[in-house]
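Q:
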Amino acid sequence: MWEGKYDSSGKRRDVDEVVTTRFDHVETIPGRNDRKGANQLLLGDNKAVMASLPGEGSGKIDLIYADPPFDIGTDFRVRITLGHGDRRKEVPTLAYRDVWGTGAGSYAQMMYERLVIMRDLLSDEGSLYVHCDYRTTGLLRNMLDEIFGPRNHVNEIIWFYKTGGLPEKLGFGRKHDTIHYYVKSRRHAIWNPQKEKSYVKHKYGFSNVEILEDSAGHYTNVNCRDVFDIPALRGNQPERVNFPTQKPEALLERIIRASSNEESLVADFFCGSGTTGVVAEQLGRRWILADASRLAVHTTRKRLLGQRSSATDTGLDMRTVKMYEALDSQTLAGVADARVRRRRPDGGVDIELTGFAPSLEGIPERERADLEACAVQSGLDFVDTWGVDFNPSNDGAFRGQWYSVRKAGVPLVTVSDRANGHTGKTGTRALVGVVDVFGRRVTFPVEIAG
Ligand SMILES: C[S@@+](CC[C@H](N)C(=O)[O-])C[C@H]1O[C@@H](n2cnc3c(N)ncnc32)[C@H](O)[C@@H]1O
């Protein structure tokens, strides 16, 4: 029961009418291996996204992982880095909100609607994993039983981790999350048993089991149990990106391997930093990701482009990614300038990003004054990623053949001179795409004079 579950006449409120939204194709990150179409990354409220999937939709998705907000009642903020050297500055910014204005009822109704739509998107072989913690596990378990039927609840998975921190004032240390695993049909669900190591004290007295050894001791390989002992991410881990609540790739790997096959379509409509997409990509699955936070979508884009490189030539060894945004969510990052820099021996040119005047619209007042000073000093410090489409098509979407991805505190590469075989030809026009540190984008054409 929750406030809003029934209408004033006592009738069960169904999913409010879902209005389909037009999602514009705004960017393509080219890749290889597109046998079964491109992956999709969408910016928007997932209720509208799920109702309006531009490519594939209802009944086609084999696995959905949902890691929604936990109804904590706070804003999640991150510190983003501007500039480098003497100009290096860290500013806090909103990553996403977990505040549900009208109390627990509004969180419940928000989740109920989305879980119903997710069930309908699943194929007959499909599975849904809903990640929650002690605050929401009871509510979501009951809700999911109602939506899928209790028989289709396969596991209550405990993700156990050993994080540090102060002891609780009262009670035992909280060191687990709960993941509810449901299938659409027990008979048809995809299931690939996974193995894990089970350590034994010594290797004697076992028959019919193979005892193996690694640096931690002797072990046997057993079927994975419903307690996942997977370390939480630490600050210095290479896979870590600047996003709160990021989940470890190893957790998603176990889920994706168990409940999907190669070429299966995997989706995460609360994608955050894009962990599900990154792992699905590594495992040869196709994927759809969505998030309502611009910073989350940008973090995912950046992670896909190769978080650790300062400049990237595309044609990455990954499937093409098509990015979509709802028309009304398109806010401009600012105004950028670029010029054609030099002729290459092959007759091509490079593009140089020469200036950027960021827009500070929508930035909270208390953070603004500081940022205004930085913006005047060096607007380019606000550029997080930029790229060039040397061959723009007429649909207005940006197809980056070359990208520069900034690492925190490292100077931005401002000339597209690492382009490998992608250079502008005279008499044509190139498209430059800039994304600022808040994830907002702007594209503009550059004429390549003869
Ligand atoms: C717990 S985080 C997900 C973290 C993610 N699993 C990772 O590994 O980075 C929840 C995400 O859900 C997003 N979100 C919340 N409500 C949403 C909605 N209605 N539509 C789309 N995304 C939403 C938030 O912006 C946030 O990025």
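Just add 11 to wherever you are in the sequence shown, counting from 1, and you've got this note's numbering.
Beta carbons: idealized from backbone N, C-alpha and C, even for Gly.
In three-state terms, what does DSSP make of residue 385?
A: If DSSP states are grouped into helix, strand and coil, residue 385 belongs with the helices.
Q: For residue 410 versus residue 343, is the C-beta distance shorter than 8 Å?
A: Contact flag unset, no.
Q: Please determine if the segment 296-307 and the segment 243-250 are in contact, where contact requires at least 3 C-beta pairs separated by less than 8 Å.
A: The segment 296-307 is not in contact with the segment 243-250.
Q: Which whole-angstrom value is the C-beta distance of residue 447 and residue 369, which I expect to be below 8 Å?
A: Indeed they touch by this definition, with Cβ atoms about 6 Å apart.
Q: So is the beta-carbon of residue 134 under 7 Å away from any non-hydrogen atom of ligand 1?
A: Because no heavy atom of ligand 1 lies under 7 Å away, the Cβ of residue 134 does not count as near it: no.
Q: For residue 440, which residues of its own chain have a beta-carbon under 8 Å away from its beta-carbon, when the five flanking residues on both sides are left out?
A: Result list for residue 440: 403, 456, 457, 458, 459, in chain order.
Q: Is the beta carbon of residue 131 closer than 8 Å to that of residue 69?
A: Yes, these two residues count as a Cβ contact at 8 Å.
Q: Just list the alpha helix (DSSP H) runs in the segment 241-317, keeping only unbroken ones of 4 residues or longer that don't cross its boundaries, in chain order.
A: List check, alpha helix (DSSP H) in window: 260-270, 286-293, 305-317.
Q: Please list the terminal residues of the continuous alpha helix (DSSP H) segment that includes residue 60.
A: Looking at the DSSP string, the run of the alpha helix (DSSP H) that includes residue 60 is 57-62.
Q: On the CB-based measure, 16 or more other CB atoms within 10 Å of its CB, does residue 51 come out buried or exposed?
A: So residue 51 counts as buried.
Q: Span of the alpha helix (DSSP H) holding residue 158?
A: Residue 158 -> alpha helix (DSSP H) spans 148-159.
Q: May I ask whether a heavy atom of ligand 1 can be found less than 7 Å away from the beta carbon of residue 249?
A: Not under cutoff, so the answer is no.
Q: Does the contact criterion of 3 or more C-beta pairs under 8 Å hold for the segment 133-153 versus the segment 74-92?
A: They touch, by the three-pair rule.
Q: Which value, in whole angstroms, describes the spacing of the CA atoms of residue 277 and residue 108?
A: Computed Cα separation, rounded: 25 Å.
Q: Short check: CB of residue 137 to CB of residue 237, under 8 Å?
A: It is not a contact, given that the beta carbons lie outside the stated cut-off.
Q: Between the segment 90-109 and the segment 164-173, do at least 3 Cβ pairs fall closer than 8 Å?
A: Result no; under three Cβ-Cβ pairs closer than 8 Å.
Q: Give the DSSP-derived three-state secondary structure of residue 415 in the structure shown.
A: It is a strand residue.
Q: Just how far apart, CA to CA, sit residue 21 and residue 191?
A: Distance between the alpha carbons of residue 21 and residue 191 is about 29 Å.
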